[in-house]
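For the sequence shown, this note's numbering begins at 19 and goes up steadily by one. Working notes, beginning with the structure itself.
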Amino acid sequence: MPRPFLLGFLVLLIVGSARAEVVPELYHGEAIITGQDNLDERARGVREALTQVLVKVSGDDRIAEHPTLPSILAGADAYVLRYEYADRKKGVQISDEQGTRDRSFHFRVEFDPAGVHGILSRLGLDPWHEDRPRLLVILAVTDHAGAFIVGTEESRGIGHRETLEIDAKRRGLPLVLPKMDTVEALAVSHQEVASTSGAAVGALAASYRAGAVLAGAMTISSQGYWTTDWTLLADDVPDRWRVPESTFDRAISQALGHSARVLAGVK
Numbered sequence: 019m020p021r022p023f024l025l026g027f028l029v030l031l032i033v034g035s036a037r038a039e040v041v042p043e044l045y046h047g048e049a050i051i052t053g054q055d056n057l058d059e060r061a062r063g064v065r066e067a068l069t070q071v072l073v074k075v076s077g078d079d080r081i082a083e084h085p086t087l088p089s090i091l092a093g094a095d096a097y098v099l100r101y102e103y104a105d106r107k108k109g110v111q112i113s114d115e116q117g118t119r120d121r122s123f124h125f126r127v128e129f130d131p132a133g134v135h136g137i138l139s140r141l142g143l144d145p146w147h148e149d150r151p152r153l154l155v156i157l158a159v160t161d162h163a164g165a166f167i168v169g170t171e172e173s174r175g176i177g178h179r180e181t182l183e184i185d186a187k188r189r190g191l192p193l194v195l196p197k198m199d200t201v202e203a204l205a206v207s208h209q210e211v212a213s214t215s216g217a218a219v220g221a222l223a224a225s226y227r228a229g230a231v232l233a234g235a236m237t238i239s240s241q242g243y244w245t246t247d248w249t250l251l252a253d254d255v256p257d258r259w260r261v262p263e264s265t266f267d268r269a270i271s272q273a274l275g276h277s278a279r280v281l282a283g284v285k
């Protein structure tokens, strides 16, 4: 099958079977802070949590570098609906002063949606609706031990998988990873993922009812850095780019950030 036609076929497979997911807790953010009575720590936690929420709701991680954001974060308390603490050492006996005053907590904050939308408007951004397309990430990795595809039932690539899951959650992306069990491992090859040239990639996307596919081919160098070729299949024209030598977590974060912006319609 000619390559342009095949890519169009893959996109049709994806769109024809696509399913959206409602992303929960878009307006909730979290930070780790020290103590429950330290007002400076609490204020820092609120600022950090609000930044997380703005990224999730807009789909644009570049918002964290917006020059107007610091002045907005200075008044972050005004957008808080409620907050709670969760002891990171719950069940561990307190034995000294540091265990009380300097104890660390998960600080969870819920923000007012209307207030968050108002901030985004001031920054020239629109909220990304909470009904979001599933993103199937098929990441083919070649390391010093050989080639594999990252999957929920694949014993290799645990660090890659955890990075994908954590980073996608941070962006409000409904992430799907293939199982890569015996059946799927036989059905899709490393080469097909690397070139997005096999119908098996589209079939895999259809089976997971993904609204978009991010396919990556990540190869380690002798110096321990990774070069990754990415292809995002979301629109009629496949989006391709390369992340040169980098750490795998940075390459993944860059790809998910770009994918989120495309799916959110951010210019």
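Heads up, the beta-carbon is just placed ideally off N, CA and C, and yes, glycines get one too. From a predicted model like this one, the values you see are computed outputs, not experimental measurements.
Contact under 8 Å by Cβ, residue i with residue j
i    : j    : result
F129 : I50  : no
P196 : R152 : no
V71  : G93  : no
G281 : E148 : Per the sequence shown, residue 281 should be read as Leu rather than Gly. Contact flag unset, no.
D105 : F123 : yes
L250 : L232 : yes
G175 : F166 : yes
Host alpha helix (DSSP H) of residue i (start-end)
i    : result
T237 : No alpha helix (DSSP H) holds T237; the beta strand (DSSP E) holding it covers A230 to I238.
V17  : The requested residue 17 does not occur in the structure, where the chain is confined to residues 19 to 285.
The beta strand (DSSP E) enclosing residue i, as first and last residue numbers
i    : result
S122 : S122 to F129
V155 : L153 to D161
D105 : V98 to D105
S264 : D257 to S264
heavy atom of the ligand ZN below 7 Å from residue i C-beta
i    : result
D144 : By its list of ligands, the structure shown contains no ligand whatsoever, and the ligand ZN lies outside what it can speak to.
Residues near residue i in its chain [Cβ-Cβ closer than 7 Å; skip 5 each side]
i    : result
D161 : I238
G53  : E59, R119, D120 and R121
S225 : none
P145 : V75, S76, H135 and L138
Contact set for residue i: own chain, Cβ-Cβ below 6 Å, skip 5 residues either direction
i    : result
G63  : A49, I51 and F125
D247 : A235 and R260
Beta-carbon separation (whole angstroms), residue i vs residue j, contact threshold 8 Å
i    : j    : result
V127 : A67  : 4 Å
R140 : G190 : Not a contact, Cβ separation roughly 20 Å.
Cβ-based neighbour list, residue i, same chain, cut-off 8 Å, excluding 5 preceding and 5 following
i    : result
T265 : Y243 and W244
At least 3 beta-carbon pairs within less than 8 Å: the region 142-159 vs the region 94-103: no
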